[in-house]
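For the record, the sequence lines run as chains A and B.
So in this note's numbering, spot 133 of the first sequence is number 133, and the numbers just go up one at a time.
To get this note's numbering, take the position in the second sequence, counting from 1, and add 1000.
Think of the CB as a built atom: it goes at the ideal place given N, C-alpha and C, for glycine as much as any other residue.
Here's the structure, in structure tokens; my notes come after.
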Amino acid sequence: MTSTIAESPAPASAPEPKNEPAHSSVGSLILNFLTQNGILVAFVFIFTVLSVSNQAFLSPTNLTNIVLQYSYVLILAIGMLMVIVAAQIDLSVGSVLGLTGAVASVLIVRYQTPWWVAVLAALAVGLVCGAWQGFWVAVVGIPGFIVSLGGMLLFRGLTYKVLSNISLTIPSDPDSQGPAYASIANGFFNGILGGDGFDVFTVIIFIIAAVGFCVMQWRTRQNQLRYNQTVLSLPLFIIKLAVIAAVIIAFGWQISHDRGLPYILIILAFLIMAYTLVTQKTSMGRSIYAVGGNMLAAQLSGVKVKWVNFWVFVNMGFLAGVAGVVYSARMSSAQPGAGDGFELDAIAACFIGGASTLGGVGRVTGAMIGGLIMAVLNNGMQLMGFDESTRKIVKGLVLLLAVAFDLVNKRRAKTS
Amino acid sequence: MGDTILQMRSITKTFPGVVALDDVNLTVARGEIHAICGENGAGKSTLMKVLSGVHPHGTYSGEIIFDNQPATFGSITDSEHLGIVIIHQELALSPHMSIAENIFLVNERKGVLGFIDWNRTNAEAQELMTRVGLDENPTTLISQIGVGKQQLVEIAKALYKDVKLLILDEPTAALNDDDSEHLLGLIRQLKAQGITCIMISHKLGEIAEIADTTTIIRDGKTIETIDMGEPDATQDRIIRGMVGRSLENRFPERDVPIGEERLRVEGWSVNHPTQAGRRIVENASFNVRAGEVVGIAGLMGAGRTELAMSLFGKSYGRFAGGQMYLNGKNVHLNSPSDAIAAGLAYATEDRKRYGLNLIEDIRINITSAGLSRLTTATWINSDEELQVAENYRKDMRIKTPSVLHPIGKLSGGNQQKVVLSKWLFTDPQILILDEPTRGIDVGAKYEIYNLINQMVAQGKAVVVISSELPELLGVCDRIYTLSFGRITGELPVSEATQENLMKLMTIEKDEVR
Chain A
1 MTSTIAESPA
11 PASAPEPKNE
21 PAHSSVGSLI
31 LNFLTQNGIL
41 VAFVFIFTVL
51 SVSNQAFLSP
61 TNLTNIVLQY
71 SYVLILAIGM
81 LMVIVAAQID
91 LSVGSVLGLT
101 GAVASVLIVR
111 YQTPWWVAVL
121 AALAVGLVCG
131 AWQGFWVAVV
141 GIPGFIVSLG
151 GMLLFRGLTY
161 KVLSNISLTI
171 PSDPDSQGPA
181 YASIANGFFN
191 GILGGDGFDV
201 FTVIIFIIAA
211 VGFCVMQWRT
221 RQNQLRYNQT
231 VLSLPLFIIK
241 LAVIAAVIIA
251 FGWQISHDRG
261 LPYILIILAF
271 LIMAYTLVTQ
281 KTSMGRSIYA
291 VGGNMLAAQL
301 SGVKVKWVNF
311 WVFVNMGFLA
321 GVAGVVYSAR
331 MSSAQPGAGD
341 GFELDAIAAC
351 FIGGASTLGG
361 VGRVTGAMIG
371 GLIMAVLNNG
381 MQLMGFDEST
391 RKIVKGLVLL
401 LAVAFDLVNK
411 RRAKTS
Chain B
1001 MGDTILQMRS
1011 ITKTFPGVVA
1021 LDDVNLTVAR
1031 GEIHAICGEN
1041 GAGKSTLMKV
1051 LSGVHPHGTY
1061 SGEIIFDNQP
1071 ATFGSITDSE
1081 HLGIVIIHQE
1091 LALSPHMSIA
1101 ENIFLVNERK
1111 GVLGFIDWNR
1121 TNAEAQELMT
1131 RVGLDENPTT
1141 LISQIGVGKQ
1151 QLVEIAKALY
1161 KDVKLLILDE
1171 PTAALNDDDS
1181 EHLLGLIRQL
1191 KAQGITCIMI
1201 SHKLGEIAEI
1211 ADTTTIIRDG
1221 KTIETIDMGE
1231 PDATQDRIIR
1241 GMVGRSLENR
1251 FPERDVPIGE
1261 ERLRVEGWSV
1271 NHPTQAGRRI
1281 VENASFNVRA
1291 GEVVGIAGLM
1301 GAGRTELAMS
1311 LFGKSYGRFA
1321 GGQMYLNGKN
1331 VHLNSPSDAI
1341 AAGLAYATED
1351 RKRYGLNLIE
1361 DIRINITSAG
1371 LSRLTTATWI
1381 NSDEELQVAE
1391 NYRKDMRIKT
1401 PSVLHPIGKL
1411 SGGNQQKVVL
1421 SKWLFTDPQI
1431 LILDEPTRGI
1441 DVGAKYEIYN
1451 LINQMVAQGK
1461 AVVVISSELP
1471 ELLGVCDRIY
1481 TLSFGRITGE
1491 LPVSEATQEN
1501 LMKLMTIEKD
1511 EVR
């Protein structure tokens, strides 16, 4: 009788006592959390300091602007994370971003193509750039650093050629394709369900997101219990969910008071979720980590190393294309120098987010937090009126300190 | 002997949660060769790290008396200053520098204005090299000489530092018999020159041959110190001390009926990957049947690993001809993934380099070769994966608190069990095990042999490559010998002896056929 109960899909209460010894005291749990999520803690700290020191920082308009302004760096960081995990580097993404944005703009301005044709063309160009680099890395065996250093010059040169050395403004004339294209980065869902001073639709989407997150976490916990893994105790688990859900809804509430739900936020959320799943839950993702961790062992375990190297570069090219569209749409123009230096922002985001320079380590969510740290710092300092030079100095130091902090943390975790 | 050079008294060293050394005592007489034996994880390396100052004074309790002076080493430089030099298993040489440059690294021989005097450097290096019997040009790059010679460079370096106490951590683990013999001879010579030597080793035969005294450590405690001159200082006594039980038989019994032919290789040839036309494996033919353990005996450099890796989806060198039949069917495997899909598994001799992803946890390593068995359509079933890893942890008795622990922290024996788990999870028909017990202790070896028996009992076919002949004689049904890339003999185990195998393994190229 009892055995049949135990076999039924785990009632929450039954396996609970079995895991009791695994729960540790609240104090040590907090300490554990701090050491394992150092970067997240740093982000929360920076965010809090900025919110306190500047009234405008938490305002609906500013939060929306952060999303709009830094989305392309986050998109680049997703792809870069996978490149770095595979123990490669891609220095060409800024140039690819410039080139893809240029191609899309030229199609819209000079050839009056529909906006979606321009987008598809930009993505295709991104894929081709990625495949070009992937070929040299995977087939010929040249290190990604060199290939992409070449690519950085090559694609920048092509950007100049495509734009004939001048910047190209995407027309705002309502009869043209310009406004539709620009709305990719500047458009909002607003007023679909009405609302008084705030957009009901936006709030509902965020509530759905928060609930969805909680349901997924709950299911994961149930599964873990079924396989007798250690889990957070129920009260702590509920507190954790409540805090995260509150943050999600609060963020949604704030931006619903501005222009509504940015299209770009949906694109970004989709990409983050999709790539988190790819890296954590698929064989392909596992292969990237295996190649970065020990290439020889991965090869002998049947991982197709060449394909993995090829694929991460193709994927990076694709995402650089997405970022190129977003950036040119946001600027409503294509400049020959667009995206110059963005590769360094993307790389910095990955390393701040805990990726290893040796490969094999790093997570998409980490890179996103790393990117957000840079974004929030930049934005906060702009609000406070710091000039470009100060901002660069601070960002440089933050990159160094964040990685040092992470290293020290890990070293301490290792000795204990 | 009388004069003691080193005394370590009541050394206790704890790491958070673990007592690594518990009241360990070690007394080493001046001018002797002192062997330290113990299973992996027994605390030998920790003891040597305490002695050499890697774990500085203050992080352990107890005292060290060296040369009648209490020693408090703050770092490895302090101990080297007094003439204690440790040579680690993983050699610390810079591969792209010459022998002479390596010997004098950080102590460059300088001439006018403080610039390096290359003539002096090379001349002095040559002197040291002669002392260790290393017949090479001092300007030869480290990467161009074999492990055996690299070991000699390390010793030359130690001699330069005016070593009084030389500590060698498993010096012969990676050496073939010739090189080992040379090294042991050198250690005896150094002894004659008054240099004391502490040697950590798993090779009991070697210890019996060379050591004056043996100290056995188990679970962080000194078990006993044996004077090897005594008549009852037998290998069995050492084993008993190391594992805490007597190993009546070092090889478990097996009674498995031998079935159908699983793998047949005909005329297999492999060329060197970069040197065109250089044959590494020449016209090799052999077969393995279900339920059978077949050994491949060969010295280092005979082409054993190269043959195995080439069979495993052509992962070594350039394929130069030959046929392979699996269950009687001719197959062409062009990549490791083809080989895995065809039911082949190859567990490498160099698990750190080719076998494991050391930064990942145990679970991910176990499932890394058979991941397709855990994926439904696209997604990996992580819960199932954990269950699989957990099952292997239990079945293989991998000693770890959790399969989510990083694999780098496990001992060699346990890492090897993870490698075997990884390959068993691909559900292979034929397993090629390359030096499956290299660098692991007696107790774990026995467990690995047991696992081999279980594999053949399930009808799998196993090929064991080893340079330890007693091991091959203990576990195999049939043994092939390999010399200079050619199969030079095939013997059923009943007819094989160490002597006749060795004879076949050393047939020179022109003598073949």
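Item	Value
By DSSP, does B:Gly1062 sit in helix, in strand, or in coil?	strand
Taking only beta-carbon positions, decide if B:Asn1450 is within less than 8 Å of chain A.	no
Relative to the C-alpha of B:Thr1004, which residue among B:Arg1030, B:Asn1414, B:Val1024, B:Ala1020 is closest?	B:Arg1030
Identify the continuous beta strand (DSSP E) that holds A:Val139 and give its terminal residues.	No beta strand (DSSP E) contains A:Val139, which DSSP labels as neither H nor E.
Which stretch, first to last residue, makes up the alpha helix (DSSP H) that contains B:Asp1179?	1177 to 1192
For a cutoff of 8 Å on Cβ pairs, would you count A:Val361 as touching chain B?	yes
May I ask you to list, following chain order, the residues of the stretch 286 to 303 of chain A that have a beta carbon less than 8 Å from some beta carbon of chain B?	Arg286, Tyr289, Ala290, Gly293, Asn294, Leu296, Ala297, Ala298, Gln299, Leu300, Ser301, Gly302, Val303
Of all the CB atoms in chain B, is at least one closer than 8 Å to the CB of A:Thr357?	no
When we look at the beta-carbon of A:Leu397 and count the other beta-carbons within 10 Å, is it buried (16 or more) or exposed?	exposed
Just to confirm the assignment, what range does the alpha helix (DSSP H) spanning B:Arg1009 have?	First-last for B:Arg1009: 1004 to 1015, but that is the beta strand (DSSP E), not the alpha helix (DSSP H).
Should the stretch 124 to 141 of chain A be called in touch with the stretch 151 to 163 of chain A, which here means at least 3 C-beta pairs below 8 Å?	yes
Near B:Thr1139, which residues of its chain fall below 7 Å by C-beta distance, leaving aside the five closest residues on each side in sequence?	Ser1098, Ala1100, Asn1122
Report yes if the CB atom of B:Arg1218 is closer than 8 Å to the CB atom of B:Gly1038, and no otherwise.	yes
Counting only Cβ-Cβ distances shorter than 9 Å, please list the residues of the stretch 1322 to 1347 of chain B near chain A, keeping chain order.	Ser1335, Pro1336, Ser1337, Asp1338, Ala1339, Ile1340, Ala1341, Tyr1346
If you measure between the beta carbons of B:Ser1382 and A:Gly302, is that distance less than 8 Å?	no
Residues bridged to B:Ser1483 by DSSP?	B:Arg1486
Applying the 10 Å Cβ sphere with the 16-neighbour rule, what's the burial state of A:Trp116?	exposed
What are the residues in the stretch 1354 to 1369 of chain B lying within 8 Å of chain A by C-beta distance?	Tyr1354, Gly1355, Leu1356, Asn1357, Leu1358, Ile1359, Glu1360, Ile1364, Ser1368, Ala1369
Are the stretch 1079 to 1096 of chain B and the stretch 1152 to 1160 of chain B in contact at 8 Å, needing three or more beta carbon pairs?	yes
Return the CA-CA distance between A:Val211 and A:Gly252, expressed in angstroms with no decimal places.	13 Å
Taking only beta-carbon positions, decide if B:Ser1075 is within less than 8 Å of chain A.	no
Going by DSSP, name the residue or residues bridged to B:Leu1431.	B:Ala1345, B:Val1462
Going by beta carbon distance, what residues of the same chain come within less than 7 Å of B:Asn1025, once the five residues before and after it are set aside?	Met1008, Arg1009, Ser1010, Thr1222
Under 8 Å between C-beta atoms, does B:Ile1537 make it to chain A?	Residue 1537 of chain B lies beyond the residue range present for chain B, which begins at 1001 and ends at 1513; the question has no answer from this structure.
At least one CB of chain B closer than 8 Å to the CB of A:Ser256: is that the case?	no
Under the three-state reduction of DSSP, which class applies to B:Met1396: helix, strand or coil?	coil
Taking Cβ positions only, does A:Ser95 come closer than 8 Å to chain B?	no
Return the first residue and the last residue of the beta strand (DSSP E) that B:Leu1326 is part of.	1323 to 1326
Using the rule of at least 16 other Cβ atoms within 10 Å of the residue's Cβ for burial, across every protein chain shown, is A:Lys161 buried or exposed?	exposed
Please report the distance separating the alpha-carbon of B:Thr1012 from that of B:His1055.	12 Å
Counting only the same chain and skipping the five closest in sequence on each side, list residues whose C-beta sits under 8 Å from that of B:Lys1049.	His1055
For A:Asn62, which residues from the same chain have a beta carbon less than 6 Å from its beta carbon, with the 5 sequence-adjacent residues on both sides left out?	Ala56
Is it buried or exposed, A:Ala274, if we count other Cβ atoms within 10 angstroms and call 16 or more buried?	exposed
Taking the Cβ atom as the reference point for each residue, do B:Arg1250 and B:Ile1430 lie within a distance shorter than 8 Å?	no
Going by DSSP, what residue range makes up the alpha helix (DSSP H) through A:Ser287?	283 to 293
Taking only runs of the beta strand (DSSP E) that begin and end inside the stretch 1031 to 1056 of chain B, which ones reach a length of at least 3 residues, in chain order?	1033 to 1037
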